[in-house]
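Trainee:
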Amino acid sequence: MGAYSIVSLFSGAGFLDFGFSENGFDIIQGFELVPEFAQANNFNHQLRYNHNEIIIHAADITTIDPQNILKTDGIIGGPPCQDFSIGNSKNPGVTGTRGKLVWDFLRKIQYLEPNFFLFENVQALFKTKKHREEALEPMIMQFKEMGYEVYFKVLNTLEYGIPQDRSRVFIVGIKSNIIRTLQSNGLPTFQWPQPSYLNPKKKYPWPDTLDFGNSLNKEDFINGEIPYELTVHSVIGDEQELQYLHNHVSFRPYSGRFATVQEGDVRRKSFKRLHRFRYSPTVAYGNNEVHLHPTLARRLTVREALRLQSVPDWYRFRENTPLDKMFKMVGNGVAYRLAELLAIQIKLVLDNYENLKK
Numbered sequence: 011m012g013a014y015s016i017v018s019l020f021s022g023a024g025f026l027d028f029g030f031s032e033n034g035f036d037i038i039q040g041f042e043l044v045p046e047f048a049q050a051n052n053f054n055h056q057l058r059y060n061h062n063e064i065i066i067h068a069a070d071i072t073t074i075d076p077q078n079i080l081k082t083d084g085i086i087g088g089p090p091c092q093d094f095s096i097g098n099s100k101n102p103g104v105t106g107t108r109g110k111l112v113w114d115f116l117r118k119i120q121y122l123e124p125n126f127f128l129f130e131n132v133q134a135l136f137k138t139k140k141h142r143e144e145a146l147e148p149m150i151m152q153f154k155e156m157g158y159e160v161y162f163k164v165l166n167t168l169e170y171g172i173p174q175d176r177s178r179v180f181i182v183g184i185k186s187n188i189i190r191t192l193q194s195n196g197l198p199t200f201q202w203p204q205p206s207y208l209n210p211k212k213k214y215p216w217p218d219t220l221d222f223g224n225s226l227n228k229e230d231f232i233n234g235e236i237p238y239e240l241t242v243h244s245v246i247g248d249e250q251e252l253q254y255l256h257n258h259v260s261f262r263p264y265s266g267r268f269a270t271v272q273e274g275d276v277r278r279k280s281f282k283r284l285h286r287f288r289y290s291p292t293v294a295y296g297n298n299e300v301h302l303h304p305t306l307a308r309r310l311t312v313r314e315a316l317r318l319q320s321v322p323d324w325y326r327f328r329e330n331t332p333l334d335k336m337f338k339m340v341g342n343g344v345a346y347r348l349a350e351l352l353a354i355q356i357k358l359v360l361d362n363y364e365n366l367k368k
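So the sequence shown is numbered by my numbering: it starts at 11 and just counts up by one.
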């Protein structure tokens with residue numbers, strides 16, 4: 011099968027986009043509000059595929075007339091989620107400026123009628139009763155009325171072999187006629203990717219906190235009861251390797267606390283120190299949230315953060331990008347490996363349908 015076309019809304023730095031474009035899809039257009047985010051996405055499109063300026067820096071997606079969006083097989087995106095976040099004390103939900111963007115996403119789908127869409131957002135959209143009743147459930151209802159078979163699930167990156175505890179809401183919609191055609195021909199319809207680990211947070215004997223600077227025997231953990239790929243060490247443990255990669259940069263340490271917080275103490279709002287042989291808390295670096303390296307008296311670097319988001323090493327930010335913007339892009343993104351797994355599942359459905367049509 012040839013590549014399926016995709017338009018990306020709220021494109022960000024492109025982790026979701028590249029998860030799709032590396033797996034049989036072609037991003038033909040994207041829209042992003044923050045100029046540095048659009049620039050980073052375009053920079054990597056240029057590096058990877060020699061594509062020019064695919065992502066449009068749009069002042070505000072709600073002002074984009076759907077007539078100016080290219081016709082496409084699919085639409086993917088995650089509207090900014092601050093209005094639904096539990097961390098936002100006011101969290102106004104769908105009435106907030108950003109909360110309203112979920113309805114704009116829906117209107118664009120209604121106008122463009124793609125064969126499929128993927129929507130991503132914070133877990134609070136489902137967990138908080140108000141947001142579930144005012145946004146999530148009505149939205150799913152409307153997608154169904156628009157002629158889509160709708161699949162909804164909260165996925166956690168840790169269950170998919172990514173060493174980070176990150177739960178997000180995903181909605182996949184596929185045109186009902188496509189699903190009916192597959193069913194009547196005895197072919198499988200959309201399936202969520204199979205998790206590699208079930209309930210890993212409770213299942214394994216995760217180590218306790220320990221004083222900063224303590225030595226641990228790496229071999230005990232690499233061959234121990236805890237799956238090594240679920241540990242921070244598996245992606246950022248090799249300091250030699252990281253030195254040669256782009257964006258291995260961080261803010262300079264400015265506080266004595268960099269050397270006093272215990273390894274694995276992630277209970278606090280900020281100055282969380284990761285544990286070498288545990289998973290990382292949710293990668294989120296806005297609003298003074300500082301995550302410290304397990305064994306060094308400094309913050310994580312941008313490259314280490316990218317690796318915790320399972321972003322491949324070929325992806326990089328331009329060297330002159332401000333540090334705070336790079337960290338923000340990493341924290342706002344979809345874990346790349348999860349994006350890949352979802353792309354693969356959606357492509358299976360489309361391939362089966364195309365084969366039937368032939």
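C-beta atoms are modelled at their ideal positions from N, C-alpha and C, and glycine is treated no differently.
Rounding to the nearest angstrom, what Cα-Cα distance links G84 and D70 in this structure?
Mentor: 21 Å
Trainee: Start and end of the beta strand (DSSP E) containing D36?
Mentor: F35 to E42
Trainee: For the beta strand (DSSP E) containing L165, name the first residue and the last one.
Mentor: Y158 to N166
Trainee: Note down the Cα distance separating K335 from E251, rounded to an integer number of angstroms.
Mentor: 24 Å
Trainee: Judging by CA-CA distance, which residue of A13, T219, G40 and K137 is the nearest neighbour of F25?
Mentor: G40
Trainee: Could you say which of H61, R117 and L208 lies nearest to T72 if we only look at CA atoms?
Mentor: R117
Trainee: Hey, how far is the Cα of V182 from the Cα of A269?
Mentor: So the alpha carbons of these two residues sit roughly 45 Å apart.
Trainee: Please state whether DSSP places F28 in a helix, a strand or coil.
Mentor: helix
Trainee: Across which residues does DSSP place T17 in a beta bridge pair?
Mentor: First, the residue type needs correcting, since residue 17 is Val and not Thr in the sequence shown. In the DSSP output, where bridge partners are listed per residue, V17 has Q39 and I85.
Trainee: Within 10 angstroms of its Cβ, does M339 collect 16 or more other Cβ (buried), or is it exposed?
Mentor: In summary, M339 is buried, with 16 or more beta-carbon neighbours lying within 10 Å of its beta-carbon over all protein chains present.
Trainee: When the Cα atoms are used, what is the spatial distance from Q174 to A134?
Mentor: 18 Å
Trainee: Just verifying my parser: in three-state terms, what is the DSSP assignment at Q319?
Mentor: coil
Trainee: Distance cutoff 8 Å, beta carbons only. Does V44 sit that close to anything in chain C?
Mentor: Here chain C cannot be found, since the structure has a single protein chain.
Trainee: Considering E350, what are the terminal residues of the alpha helix (DSSP H) in which it resides?
Mentor: Y346 to K367
Trainee: Give a yes or no on contact between the stretch 76 to 83 and the stretch 15 to 31, applying the rule of three or more CB pairs nearer than 8 Å.
Mentor: Touching, yes.
Trainee: Check for me: the alpha helix (DSSP H) holding H372 runs from which residue to which?
Mentor: Past the boundaries of the shown model lies residue 372; the chain is included only from 11 to 368, so the question cannot be answered.
Trainee: Do the stretch 197 to 213 and the stretch 163 to 171 meet, that is, are 3 or more Cβ pairs less than 8 Å apart?
Mentor: yes
Trainee: Pull up the distance between the alpha-carbon of L333 and that of S15, whole angstroms please.
Mentor: If you draw a straight line from the Cα of L333 to the Cα of S15, it is about 33 Å long.
Trainee: Suppose you measure from the CA of N125 to the CA of P148; what does that come to, to the nearest Å?
Mentor: 21 Å
Trainee: Rounding to the nearest angstrom, what Cα-Cα distance links I232 and Y238 in this structure?
Mentor: 5 Å
Trainee: When the Cα atoms are used, what is the spatial distance from Q56 to F327?
Mentor: About 12 Å.
Trainee: For the beta strand (DSSP E) holding I65, just list the boundary residues, first then last.
Mentor: Segment I65 to H67, the beta strand (DSSP E) holding I65.
Trainee: Mind checking K279: buried by the 16 CB within 10 Å criterion, or exposed?
Mentor: exposed
Trainee: Could you give the DSSP three-state label for Q49: helix, strand or coil?
Mentor: helix
Trainee: Would you say L302 and V271 are within 8 Å of each other, going by their C-beta atoms?
Mentor: yes
Trainee: Touching or not, the stretch 353 to 366 and the stretch 208 to 222, by the rule of three or more beta carbon pairs under 8 Å?
Mentor: no
Trainee: Answer yes if the stretch 210 to 226 comes into contact with the stretch 179 to 197, meaning at least three C-beta pairs across the two stretches below 8 Å, and no otherwise.
Mentor: no
Trainee: How big is the Cα-Cα spacing for Q49 and E42?
Mentor: 9 Å
Trainee: Should D75 go down as buried or exposed, given a rule of 16 or more other Cβ atoms within 10 Å for buried?
Mentor: exposed
Trainee: May I ask you to list the residues that DSSP assigns as paired with L302?
Mentor: L302 is bridged to R283 and R309.
Trainee: Going residue by residue through the stretch 179 to 261, where are the continuous alpha helix (DSSP H) segments of at least 4 residues, counting only ones entirely within it?
Mentor: 186 to 194, 210 to 213, 228 to 232, 243 to 246 and 249 to 253
Trainee: Using the Cβ count rule (16 or more neighbours within 10 Å means buried), how would you classify R283?
Mentor: Label assigned to R283: buried.
Trainee: Is S290 buried or exposed, if buried means 16 or more other CB atoms sit within 10 Å of its CB?
Mentor: Classification of S290: buried, given that the 10 Å Cβ count is 16 or more.
Trainee: In or out: L111 buried (at least 16 other Cβ within 10 Å) or exposed?
Mentor: Burial call: buried.
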